[in-house]
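In order, the protein sequence lines correspond to chains A and B.
Under the working numbering, the first residue of the first sequence is numbered 1, with each subsequent residue one higher.
Under the working numbering, the first residue of the second sequence is numbered 1, with each subsequent residue one higher.
All C-beta atoms, glycine included, are put in the ideal place defined by N, C-alpha and C.
Fair warning: this is a prediction, and the values are worked out from it, not measured in the lab.
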Amino acid sequence: MYRLSKLRFGFPIGLLIMLLLDGSLSHIFSSQMFNYPTVMVSHLVVLWLVTAVLYEENVTMPLGRWAIVAGAVFDLYYTGIFGVYIFIFPLVVYVTRIMVTYISPNFLSGLLIYFIDITLVEGLGFLASRVVHMTVISGSSFLVNTLGPTLALNLALYVILYFPIRWVYNWLN
Amino acid sequence: MRKFSFNRRLVIIIVCLIVSFALMTVSVVIRNKRSTPPLIQQFGNDIVGLADRVVALPANGLSGSVSSVSELLNTYQENQQLKKQVSELAQTKVRDQTLAKENKQLNQQVKLNDSLTDYTAVSAAVITRTPSSWQNQVVINKGSSAGVQKNMPVMSGSGLIGRVAEVNKTNSKVELITDNNDSANRFAVQITTKSGATVNGVLSGYKSATGQITMNNITTKAKIHKGDKVVTSGLGGVTPKGLYVGKVAETGGDDYGLSTKLYITPATDLTDLNIVTVAVTKQ
């Protein structure tokens, strides 16, 4: 089914657009999002991957592979530190797939799953940056200044974009 | 059978962790040591940068039109203030031209070709910003083909904003001085005090709570006042002399009372960057 549907090309194109929109949003709203010390980071690319798992009912997509590609592009183009998000993004897809087998996905349970995913992305990203000395921020100020605002922003984006993205998937499928 | 699959998963996790650490270490070393990233990475970055321009163009255009509407509202007041400044500026500019000419003639007389203040400005547009809270980085649309090299200082508006961290063919990454990692904001700077003494030093960090740059370990006896201007000193190579950094906001002793610590207000708003200038020096 996947081979024949428009998703085969539509999904990667959407993934790339979401990845680049993350950067554009951060640039355009940088005075609001990077209002130090409070930092909000948009993770639209994670939203695209997670919603793909949520809507994946009868078509199986090679999400893990695309997550690796997205992570590689993220590492090379945005951060310049290779080897961080290339592992985190596939892990998010894997964890989401496990959670979906226990909780049937709908709007509200998806919100919970997305909450866990964003915490995972930000937490592991923080640990990796601590390891390579990209940051010296303590764990407690990470929780207050970065994780909290980031969760707020991304859950708001989830609520706004859940139905539009589902519409896009249905149209592609 | 169950035990086997658990072990296999554990092995996969450990292998992933080791590979991840290895890759991170290698890329950090490459970033610190080499002037350009590996060719394949450059190529990939150039392609993604090209695609990003397609996405960034409408997004930035939209934000530009929204901000131009909001700017229209206080245009009148701004116009009044700017008119005053322009009349002062004309005078300064003429004087500046005369001085530059005189300087050139004097340099010719003493056969000095390039001095520390010489640089050519390459202006570039900001394409995108790293969506990460650990790296304050922007991607600009000029690369090695426009003469940009690693470690060159980048300015926006009137002041210094950061340095080039990675150069590809058609785009490059700029690390802002708000970035607090080990190498982002170590610029050699100097302050000329009101009494005429010159104080040299190195920028040492960024205090995110107040938005000020810090400068540590100053052991001079000269009295530094609030409002003294901080400029780059040109010592240490790539950065030319005389790029404006900001004004001294606060002076104080360091934690042990041995040296002075300064807080500097940056000259430009570091969250609102659209057009930046790379100071290209001859090396």
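Classify residue 1/B as helix, strand or coil using the three-state DSSP reduction.
Residue confidence for residue 1/B is low, a pLDDT of 49 falling below 50, so the modelled location carries little weight; the figure read from the coordinates is stated next. In this structure, residue 1/B counts as coil in the three-state DSSP scheme.
Mind pulling the chain C residues with CB within less than 9 Å of residue 125/A?
Protein chains in the displayed structure are A and B, and chain C is not among them.
Quick check: the segment 89-107 of chain A against the segment 38-51 of chain A, are at least 3 beta-carbon pairs closer than 8 Å?
yes
Cβ of residue 71/B less than 8 Å from any chain A Cβ?
no
Taking residue 84/A as the reference, give the member of 21/B, 243/B, 124/B and 222/B with the closest Cα.
21/B
Could you check whether the Cβ of residue 87/A sits closer than 8 Å to any Cβ belonging to chain B?
yes
Once you ignore the five residues that flank residue 33/A on each side, which residues in its own chain have a CB closer than 8 Å to its CB?
25, 26, 39, 40, 41, 42 and 153
Give a yes or no on whether the minimum CB-CB distance between residue 113/A and chain B is below 8 Å.
no
Whether or not the segment 207-226 of chain B and the segment 238-250 of chain B are in contact is what I'm after, with contact meaning three or more pairs of Cβ atoms, one per stretch, closer than 8 Å; do they touch?
yes
For residue 230/B and residue 264/B, which I take to be in contact (beta-carbon distance under 8 Å), what is that distance rounded to the nearest angstrom?
5 Å
Report whether the distance from the Cβ of residue 78/A to the nearest heavy atom of the ligand GDP is below 7 Å.
Looking for the ligand GDP in the displayed structure turns up nothing, as the structure carries no ligands at all.
Please specify which runs of the alpha helix (DSSP H), each continuous and at least 4 residues long, are wholly inside the segment 83-118 of chain A, giving them in chain order.
Considered as a whole, the segment 83-118 of chain A harbours 85-102 as its complete alpha helix (DSSP H) runs of no fewer than 4 residues, in chain order.
Taking all protein chains shown into account, decide if residue 163/B is buried (16 or more other Cβ within 10 angstroms of its Cβ) or exposed.
buried
Scan the segment 141-228 of chain B and note each continuous beta strand (DSSP E) run of 3 residues or more that stays entirely inside, going in chain order.
Correct list: 153-156, 159-167, 172-176, 188-192, 198-207 and 212-218.
Neighbourhood of residue 159/B by C-beta, 7 Å cutoff - its chain only, sequence neighbours within 5 removed
Once the five neighbours on either side are set aside, the close Cβ partners of residue 159/B are 244, 245, 246, 266, 267 and 268.
State the start and end residues of the unbroken alpha helix (DSSP H) segment that holds residue 149/A.
148-172
Rounded Cβ spacing between residue 202/B and residue 186/B (contact assumed at less than 8 Å):
6 Å
By the three-class DSSP mapping on this structure, what secondary structure does residue 274/B have?
Residue state, collapsed to three classes: coil.
Looking only at C-alpha atoms, which of 117/B, 133/B, 134/B and 138/B sits nearest to residue 125/B?
138/B
Residue 102/B - containing alpha helix (DSSP H), residue span:
75-109
For chain A, is any of its Cβ atoms less than 8 Å away from the one on residue 223/B?
no
Could you round the C-beta distance between residue 53/B and residue 127/B to whole angstroms and report it? I think they count as a contact, below 8 Å.
Between residue 127/B and residue 53/B the Cβ distance is about 6 Å, and since that is below 8 Å, they are a contact.
If you measure from the beta carbon of residue 96/A to each beta carbon in chain B, is any gap under 8 Å?
Judged by the 8 Å Cβ criterion, residue 96/A is not in contact with chain B.
Is the CB of residue 37/A under 8 Å away from at least one CB in chain B?
yes
Decide if residue 159/A is buried, meaning its Cβ has at least 16 other Cβ atoms within 10 Å, or exposed.
That one is exposed.
Using DSSP's beta-bridge definition, name the partner residues of residue 67/A.
Paired residue(s): none; residue 67/A is not in a bridge.
For chain B, check one thing: does any of its Cβ atoms lie closer than 8 Å to the Cβ of residue 82/A?
For residue 82/A, the answer is yes, since a Cβ of chain B falls inside 8 Å of its Cβ.
Given residue 176/A, which residues of its chain have a CB within under 6 Å of its CB, disregarding the five upstream and five downstream residues?
The structure shown does not extend to residue 176/A, since chain A is modelled only from 1 to 173, so the question has no answer here.
Taking residue 277/B as the reference, which of 218/B, 120/B and 111/B has the closest Cα?
120/B
Quick check on this structure: which residue in 46/B, 67/B, 42/B and 106/B has the alpha carbon closest to the alpha carbon of residue 31/A?
Of 46/B, 67/B, 42/B and 106/B, the residue nearest in Cα terms is 67/B.
Determine the chain B residues that contact residue 102/A at a beta-carbon separation under 7 Å, and present them in chain order.
Correct list: empty, because the minimum Cβ distance to chain B is about 18 Å.
Shortest alpha-carbon distance to residue 81/A belongs to which of 151/A, 125/A and 143/A?
Checking every option, the nearest Cα to that of residue 81/A belongs to 125/A.
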